[in-house]
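Chains as they are written, first to last, in full-length UniProt numbering: chain A, 1 to 137; chain B, 1 to 768. Virtual Cβ for every residue (Gly too), placed ideally from N, Cα, C. Contents: one structure, followed by commentary.
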């Protein structure tokens, strides 16, 4: 499906969609959105790129196999889940929040890291499945 | 004691790394392990004969009452010495018998594994740890029987033996759990004080039957005996060690050990006497029809095990002493007969009794050992066999049905006399065939062990007090609270027992000279095989295998649509079973007034898309219209103020359609692959399932609404979790662990797809 229009468009769409997915991830705590949807949007962004430029090109952009997203994401989620035990002697999954807030991002809490973990796992899993299936002859 | 047991296991592991060393001429060094263990256990004799009991307890899983409790008393010392003693000789013998075998190290590994497991079995006071060691002996026996793993027969026999003894082990576990349930402990020594409680318990009979089944399978009692002749496919040292001297006596040991706990009831004694008697006679008669030396020995071993079970069944002190002494007698003569058979087989390459004769001219020391072994086996004075035989007759004469039981014992003993002489004397007498003239004596490592054992049999016969103080007395102290005093003697004076002994020896000798083993007899008995327990069980297992194949092929046919069909059908069955009997549909039509134009439009769109999906001829179009259904759903979610759900549904549907397209790309173009009939069937299934789901949802709506949970989250989402989006807060905070597990599942799914599709089997790895 290599058309010039799609190829050109996807070159611009990929960064925009990725940015959008991060936006969805970050707004999740107050407004509709979150790590799961964000991850799906990011995955769709890469799939669109793969449709336009071919999987090998997308893989080149990614630099590494999307499967690596999965352990990294799970690790982040796990660390943020156990952080209350380690840092504050509280039960697992207790929300920890930093004092004060940062511009744009707002208050940083352990929930954000957890959601980031979910985001990465979803990208990794979705892309691994789709890439594997499309590569298998 | 723990170290003593672990030594064998450690050596087996050690052999994995140093196999090369032990495979060569240093093999004989490995005998140091059983010899040192033998010396270790020998050092306990004076302590035990003074009536002491040595115990050691190591906590293992105290919360379940499963501990490594080791107890050394008269009974376990007898078995421990037998295991390590016969073990030492077998280890020495093997180094010559299997000299240069490419798997000799492996063989030693299995042997020491077995030795350690068997030691653990007889030393355990805890039924659970005993069960574990019990299973370990079955497993090591499996490896040893199948040692010649390129022979189909060996593998089959190994599997049969494992199957039978494995089932027995499972039943032992059942019996142990029941006993533990009744008494609240797995320690046998603690059960002893609760005998009355156990015997009046409603589960008593069940527990006894389970224990019997375990003992009978392990000790090859009728009708489970058939694995033992099959096990003779193993190399001779294995037959000597496992299938004659030690492992097959584990069942007898179990009965011995538990008879103070479970014994005393009608059930216990009658069953043991009946099964023991059937086994000892049935297999003693079988001896008459065999021409293979090992076959003869196998059946005489089964018969001897029958005698032991029979004696435990009688259960008097005299009977148990007789059993204890007979265990020693049997180990000494049967092990040496097996080793002698091994020498004959090794030198002449045959075990066919009709072809063997005159070997005394070339194998004189072996012939002497064989002759003495036959004397012990036949109970000819002054051997220990004579003492043992007298004790058996005394026990049967003192029992309830003295005449019948004594008659059975005498007949069995006559046949065993015959068997012993055929195996121990016949190959060495007569004229030496020409082809055997060039036979040399084997290495002394092979002929000294049997000679040593039979000489021991003579020494013990002349000095039975050695056995009495070391084993017989301590064992009676274990078995009875107030044992009567007794003395083992070679000479009892002229009495009934002596008369019976004389009859046994005379008839046995006459039989030996009259009856010759021939092929004709062996062929005759093979004609009756179709009613033998072995064939019945084999037919049963073959039928079961066929049934299993049919069953698997029906349910695991590899068609995804059938799997989905079965899953859906089962769900339909379950839901309608629960939902329909009390189902009343009360529809509130007034709520339809709120329906908006948008909603109706979406419903119509979905309906059209579904119809199109079902009837279109293009796969791509079907997938696309399925996507329309999905997007319409996310619109519905949006209308009912669930934007999070809508977003997710939208993205998921996009990806699903992409996935479908990717898969379809690789499939053939045409859509109508299935027959009309099966499509109708699937359609009906789908319609029924859909209707049922509709009913389910409607019935949920009829239930009163519970808003408490929603309210709780709405109130606390910001207060506790600093979030305004409840859905997200639930996902990342309130029910964060769920999310954690969900993303793990996601990863597993992705890895599954990756693994399945990237798996490239090389042609030779492909599963056929």
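Closest by C-alpha distance to residue i, when choosing among the options
| i | options | result |
| --- | --- | --- |
| residue 384 (chain B) | B:433, B:456 and B:346 | B:456 |
| residue 502 (chain B) | B:449, B:484, B:581 and B:410 | B:410 |
| residue 414 (chain B) | B:482, B:515 and B:166 | B:515 |
| residue 79 (chain A) | A:68, A:113 and A:47 | A:113 |
| residue 176 (chain B) | B:445, B:215, B:157 and B:138 | B:215 |
| residue 789 (chain B) | B:235, B:187 and B:75 | Outside the shown range of chain B, which is 1 to 768, sits residue 789 (chain B), and nothing can be said about it. |
| residue 249 (chain B) | B:329, B:403 and B:549 | B:329 |
| residue 65 (chain B) | B:1, B:180, B:685 and B:676 | B:180 |
| residue 434 (chain B) | B:362, B:630 and B:233 | B:362 |
| residue 572 (chain B) | B:742, B:696 and B:545 | B:696 |
| residue 343 (chain B) | B:524, B:560, B:475 and B:445 | B:445 |
| residue 110 (chain B) | B:194, B:160 and B:19 | B:19 |
| residue 244 (chain B) | B:232, B:190 and B:62 | B:232 |
| residue 408 (chain B) | B:208, B:662, B:307 and B:744 | B:307 |
| residue 372 (chain B) | B:4, B:424, B:474 and B:86 | B:424 |
| residue 492 (chain B) | B:536, B:195, B:691 and B:391 | B:391 |
| residue 218 (chain B) | B:183, B:296 and B:137 | B:137 |
| residue 475 (chain B) | B:163, B:36 and B:52 | B:52 |
| residue 659 (chain B) | B:119, B:620, B:376 and B:3 | B:620 |
| residue 167 (chain B) | B:192, B:202 and B:131 | B:131 |
| residue 3 (chain B) | B:757, B:41, B:31 and B:23 | B:41 |
| residue 89 (chain B) | B:335, B:547, B:60 and B:118 | B:335 |
| residue 192 (chain B) | B:479, B:347, B:119 and B:317 | B:479 |
DSSP-derived helix/strand/coil call for residue i
| i | result |
| --- | --- |
| residue 487 (chain B) | coil |
| residue 57 (chain B) | strand |
| residue 9 (chain B) | helix |
| residue 69 (chain B) | strand |
| residue 187 (chain B) | strand |
| residue 725 (chain B) | coil |
| residue 557 (chain B) | coil |
| residue 582 (chain B) | helix |
| residue 50 (chain B) | coil |
| residue 21 (chain A) | helix |
| residue 618 (chain B) | coil |
| residue 126 (chain B) | strand |
| residue 116 (chain A) | helix |
| residue 768 (chain B) | Confidence in residue 768 (chain B) is poor, its pLDDT being 44 and thus under 50, which makes the residue's placement unreliable; the coordinate value appears in the next sentence. Correct three-state label for residue 768 (chain B): coil. |
| residue 153 (chain B) | helix |
| residue 286 (chain B) | helix |
| residue 64 (chain A) | coil |
| residue 88 (chain B) | helix |
| residue 29 (chain B) | helix |
| residue 106 (chain B) | helix |
| residue 596 (chain B) | coil |
| residue 135 (chain A) | helix |
| residue 11 (chain A) | helix |
| residue 23 (chain B) | helix |
For residue i: DSSP bridge partner residues
| i | result |
| --- | --- |
| residue 97 (chain A) | A:109 |
| residue 352 (chain B) | B:292 |
Any contact between the segment 352-361 of chain B and the segment 451-466 of chain B? By contact I mean 3 or more CB pairs, one from each, below 8 angstroms. no
Threshold first: 4 residues or longer. Then list the alpha helix (DSSP H) segments lying entirely within the segment 441-496 of chain B, N to C. 444-462 and 473-479
How do the segment 22-33 of chain A and the segment 716-725 of chain B stand: do at least 3 beta-carbon pairs fall below 8 angstroms, yes or no? yes
Which ranges would you report for the alpha helix (DSSP H) in the segment 648-707 of chain B if only whole runs of at least 4 residues count? 676-702
Considering only residues of the segment 238-271 of chain B, which uninterrupted alpha helix (DSSP H) runs meet the minimum length of 4 residues and lie entirely inside it, listed in chain order? 250-262
Is it a yes or a no for the segment 24-39 of chain B touching the segment 62-71 of chain B, going by three-plus beta-carbon pairs under 8 angstroms? no
Three CB pairs or more closer than 8 angstroms across the segment 87-98 of chain A and the segment 698-716 of chain B: no
Does the count of Cβ pairs from the segment 296-313 of chain B and the segment 218-227 of chain B closer than 8 angstroms reach three? yes
Okay, do the segment 40-51 of chain A and the segment 13-25 of chain A touch, 3+ Cβ pairs below 8 angstroms being the bar? yes
Should the segment 61-74 of chain A be called in touch with the segment 114-130 of chain A, which here means at least 3 C-beta pairs below 8 angstroms? yes
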